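Student: This is the structure I have questions about; it appears just below.
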Amino acid sequence: MNAFSLRFDFDELVIPILGRNDNGLLLYGSAELSGDHEGFSVETIHLAEGTMLRPSGNAESGWPAPFADELFRRIAAVIGNDKTVLGRHAAMEWAELVERHSEPV
-13 MNAFSLRFDF
-3 DELVIPILGR
7 NDNGLLLYGS
17 AELSGDHEGF
27 SVETIHLAEG
37 TMLRPSGNAE
47 SGWPAPFADE
57 LFRRIAAVIG
67 NDKTVLGRHA
77 AMEWAELVER
87 HSEPV
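Residue numbers (my numbering): -13 to 91.
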């Protein structure tokens, strides 16, 4: 089983607030995706101005940081959902990566 990794750049990623995209947050940055031919997960997120988010323990001390931890979860949910525009792009980029590495040499 091959493990793959991909940097997925995003812009204008919308985090809905109370289920509404029109009053949500717009975020810019990149996500490190990893996985195999079955699919990917979001490992880290790098926001445009340099902040790095992990799945948990985002405080400087490595302790939980509730807002940053939740922000990671919400961004990862958009990227991992192929029903969103960015999620479809991430899925397509992932499929292309897997296909390139699965072709005979």
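Positions of the beta carbon are idealized from the N, C-alpha and C atoms, including for glycine. The model shown is predicted, which means the values in this text are computed figures rather than measured ones.
(1) Report the option in Thr70, Thr37, Gly25, Glu89 whose CA atom is closest to the CA atom of Trp80.
(2) Could you check whether the stretch 29 to 40 touches the stretch 14 to 21, counting it as contact only if at least three pairs of C-beta atoms, one from each stretch, sit closer than 8 Å?
(3) Quick one: measure Cβ to Cβ for Phe(-4) and Ile65, integer angstroms, because I've assumed they're closer than 8 Å.
(4) With 16 as the cutoff for other CB atoms within 10 Å, does Phe53 come out buried or exposed?
(5) By a C-beta neighbour count over all protein chains shown, 10 Å radius and 16 as the cutoff for buried, is Val7 buried or exposed?
(6) Which partner residues does Ala63 have in the DSSP bridge list?
(7) If you count every other CB in all the chains shown that lies within 10 Å of the CB of Ala63, and 16 or more means buried, which is it?
(8) Given this structure, state the Cα-to-Cα distance separating Asp22 from Arg59, to the nearest angstrom.
(9) Which residue marks the beginning of the beta strand (DSSP E) containing Leu93, and which one marks its end?
(10) What's the call for Leu4, buried or exposed, on a 16-neighbour Cβ count within 10 Å?
Tutor: Reading from the atomic positions:
(1) Gly25
(2) yes
(3) 7 Å
(4) exposed
(5) At residue 7 the sequence reads Asn, which differs from the Val that was named. Label assigned to Asn7: exposed.
(6) Looking at the DSSP assignment, Ala63 forms no beta bridge with any residue, so it has no partner.
(7) exposed
(8) 21 Å
(9) In the structure displayed, the chain extends from -13 to 91; residue 93 sits before or after that span and is not available.
(10) exposed
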